[in-house]
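Worksheet: one structure, shown below.
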Amino acid sequence: MNYSRREIMSLVPGALLLGGQTNGAPRRRPRIAALTTIYFKYSHSQHIVDRFLEGYGWDGKHHQPEFDVVSLYVEQTKENDLSRERVKRYPQMKLYPTIADALTQGGSKLDVDAVLLIGEHGDYPTNEKGQKLYPRYEYFQQVVDVFRKSGRTAPVFSDKHLSWNWDWAKEMVETSRELGFGFMAGSSLPVSRRLPSRELPANSVVTEAVAVAGGGIDGGDIHIIEAMQSILERRRGGETGIRSVEALRGDRFWQGLEAGTWQGGGWDRELMQSALSRCDTINPVRSGYGVVFPKVEDMRRLASESYAYRFEYADGLKATVVQFQGKRGQKNAGVVGDRTIAARLQGGDIFSLLFYLPYYSMRNFFNPQVHHIESLFQTNRSPYPVERTLLTTGMTAAGIESLFQNQKRLETPHLAVQYQPTRESTFWRS
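To convert a position in the sequence shown, counted from 1, into our numbering, add 786.
Next comes the structure, spelled out in structure tokens:
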């Protein structure tokens, strides 16, 4: 279902007048255009846009962002749509029928100060590889078209990975550099809380890492890959990029798990056990018991559709993402409901932690992400490198491609993405 222009206009009792600033007049609050695929409870649009409208808890206080969401574009609507209610509740926010209209507020030139691009959820096709074809690139191109025609730009946040298509993702980052606007993207996992609350020790040499999660081709992959990358990018020398990827599933996955070493075609058994030991939500494997550490036969029973991505970095680091995926429809399927990582440092010590998502029904882990989006909009600079999301977008696509090509090991010279992490921590410590 799509709104007609007449229906959209009828939803808004009046437009907020944001005229030119005069001497002595209060400073106009920065204005945001929110471009979304769909807007329902627990959608990413609801989580992010609602926080700009209603505020959120931060550092022991209720924080109200000093921005006005003045325009909203929603491509798809269903019976559970919330956009109608939101524009009635917030009269400063107007619903527009096109992306260009939302950016120009119905005019001919860019008339907002910041852009939220939230292309997550909604009915979109899935290709033969299992990638959902969200129109993030297409939205971005329409934004850039308005920028070029207007002769000015605004900072842009794009939710989750940049695109399912590597070439498009790379073009998005290159365009942001060409036009000189702040560009931030990615998952909420890298900035969520951690247990324990810590960073990789400064100047660490990491030899191998294993990250564990609960599956989900593409949409679930980006979360754990980007969370893992937010740890590993802080190793000595910074990020060097990815040399190759090899996906494993079916018999090859279980052979890799039982091999227990990278050299044996799998991954470090001790690291996997360490990562599992950080999980808060290991599925009970035995009737009448609470948490019992799962054996291989338990994993086979609970997560028969598991798969893994083995990444080799340009500097020699080996990293494996292990996705313990259960069969759809199977009762009590899966091994874990968390996302964790364990890394072996030079000398043998193991660094490990849980990416902690508290109070899942409230989705409070969006608070730090919105906090960083505010920083982007205030400074026109991303608080952390967009190159991280560019790299992890490519890692996700390459892993899926390896699965599609019958688990073929693929060289990835296009993923020679090099960057330095921020000095300061950006995950949620408050």
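Where a beta carbon is used, it is the ideal one built from N, C-alpha and C, also for glycine. Every value quoted in this text rests on a predicted model; they were computed, and no experiment measured them.
Restricting to Cα atoms, I'd like to know which of the options is closest to residue i.
| i | options | result |
| --- | --- | --- |
| Gln917 | Gly893, Gly1002 and Ile1011 | Gly1002 |
| Ile824 | Ser978, Gln1193, Gly968 and Asp867 | Asp867 |
| Pro987 | Phe1137, Tyr1205, Val856 and Gly968 | Phe1137 |
| Leu1196 | Ala1184, Gln1204, Gln1206 and Gly972 | Ala1184 |
| Phe1163 | Arg813, Pro812 and Arg817 | Arg817 |
| Tyr925 | Gln1059, Ala955, Ile834 and Ser1211 | Ala955 |
| Ser962 | Ser894, Glu1173 and Glu871 | Glu1173 |
| Ile1250 | Pro883, Thr1106, Gly1024 and Phe933 | It is not possible to answer for residue 1250, since the shown part of the chain is limited to 787 through 1216. |
| His849 | Phe838, Asp1066 and Asn951 | Phe838 |
| Gln1015 | Ser894, Ala888 and Thr1175 | Thr1175 |
| Asp1004 | Val959, Ile1186 and Leu1201 | Ile1186 |
| Val873 | Val856, Glu865, Glu861 and Leu889 | Val856 |
| Pro851 | Leu1201, Ala997 and Pro1154 | Pro1154 |
| Met1148 | Ile834, Arg813 and Ala819 | Ile834 |
| Ser983 | Lys1194, Pro1199 and Leu1139 | Leu1139 |
| Arg1022 | Gly1123, Asp1101, Val898 and Gln1109 | Asp1101 |
| Arg1130 | Arg1038, Arg1167, Val1122 and Glu1056 | Glu1056 |
| Ala1089 | Asp836, Phe853 and Gln1111 | Gln1111 |
| Thr890 | His830, Tyr859, Asp909 and Gly1052 | Tyr859 |
| Trp950 | Arg938, Leu919 and Glu957 | Leu919 |
| Lys1194 | Leu1034, Leu1043, Val898 and Glu957 | Leu1034 |
Only counting the same chain, and skipping five residues up and downstream in sequence, which positions put a Cβ closer than 8 angstroms to that of residue i?
| i | result |
| --- | --- |
| Thr1208 | Pro1169, Tyr1170 and Pro1171 |
| Gln1132 | Ser990, Val991, Val992 and Thr993 |
| Trp1048 | Glu994, Asp1054, Arg1096, Lys1104 and Thr1106 |
When DSSP labels each residue in this structure, what does residue i get in the three-state scheme?
| i | result |
| --- | --- |
| Ala1202 | coil |
| Thr1126 | strand |
| Lys956 | helix |
| Thr1208 | coil |
| Ser949 | coil |
| Trp844 | strand |
| Lys874 | helix |
| Leu1143 | coil |
| Ala1013 | helix |
| Phe969 | strand |
| Ser944 | strand |
| Asp867 | strand |
| Glu1173 | helix |
| Ile1186 | helix |
| Gly1027 | coil |
| Thr890 | helix |
| Gln1109 | strand |
| Arg1055 | helix |
From residue i to residue j, what distance separates their C-alpha atoms?
| i | j | result |
| --- | --- | --- |
| Ala900 | Gly1134 | 46 angstroms |
| Phe969 | Val992 | 29 angstroms |
| Pro1070 | Tyr828 | 27 angstroms |
| Thr863 | Leu821 | 13 angstroms |
| His1009 | Val1078 | 26 angstroms |
| Trp1214 | His1157 | 10 angstroms |
| Pro799 | Glu871 | Low local confidence applies: a pLDDT of 34 at Pro799 is under 50, so the model's placement there is unreliable, with the coordinate-based value given in what follows. The straight-line gap from Cα to Cα measures roughly 12 angstroms. |
| Pro883 | Thr912 | 25 angstroms |
| Ala1061 | Ser1211 | 22 angstroms |
| Met1085 | Arg1114 | 15 angstroms |
| Trp1040 | Thr1178 | 25 angstroms |
| Ser1216 | Gly846 | 8 angstroms |
| Gln1204 | Leu981 | 28 angstroms |
| Ala999 | Arg1087 | 17 angstroms |
| Ile1159 | Gly972 | 11 angstroms |
| Gln807 | Asp1124 | Confidence is the limiting factor: at Gln807 the pLDDT is only 46, short of 50, which leaves the residue's position unreliable, though a coordinate-based value still follows. Looking at the two C-alpha atoms, the distance is approximately 49 angstroms. |
| His947 | Ala1013 | 12 angstroms |
| Val959 | Asn1166 | 14 angstroms |
| Gln832 | Ser869 | 9 angstroms |
| Arg875 | Arg934 | 33 angstroms |
| Phe826 | Tyr1093 | 31 angstroms |
| Ala888 | Glu865 | 23 angstroms |
| Ala819 | Val898 | 6 angstroms |
| Gly908 | Tyr923 | 16 angstroms |
| Pro921 | Ala1045 | 40 angstroms |
| Pro1199 | Arg814 | 47 angstroms |
I'd like the list of long-range same chain contacts for residue i, defined as Cβ closer than 7 angstroms, with 5 residues on each side in sequence excluded.
| i | result |
| --- | --- |
| Gln928 | Ile885 and Ala886 |
| Leu1043 | Gly1052 and Val1082 |
For residue i, which residues from the same chain have a beta carbon less than 6 angstroms from its beta carbon, with the 5 sequence-adjacent residues on both sides left out?
| i | result |
| --- | --- |
| Asp1151 | Per the sequence shown, the amino acid found at residue 1151 is Phe instead of Asp. Once the five neighbours on either side are set aside, the close Cβ partners of Phe1151 are Ser974, Ser978 and Leu1143. |
| Gln1206 | Gly1024 |
| Trp952 | Gly1180 and Ala1183 |
| Ser936 | Lys895 and Leu896 |
| Glu1019 | Glu1025 and Pro1207 |
| Thr1126 | Val998, Ala1061, Arg1064, Cys1065 and Leu1140 |
| Glu861 | Thr823 |
Is residue i near the ligand MN, going by C-beta to nearest heavy atom under 8 angstroms?
| i | result |
| --- | --- |
| Glu957 | This structure lacks the ligand MN; in fact it carries no ligand of any kind. |
Is there contact between the region 832-842 and the region 1183-1190, where contact requires at least three CB pairs shorter than 8 angstroms?
Because the criterion of three Cβ pairs below 8 angstroms is not met, the region 832-842 and the region 1183-1190 do not touch.
Stretch-stretch touch, CB-based, cutoff 8 angstroms, three pairs: the region 1087-1103 with the region 1023-1032:
Cβ pair count under 8 angstroms is three or more, so yes.
Can you find at least 3 beta carbon pairs, one from the region 941-952 and one from the region 895-909, that sit closer than 8 angstroms?
The region 941-952, when compared against the region 895-909, does touch it at the 8 angstroms Cβ threshold.
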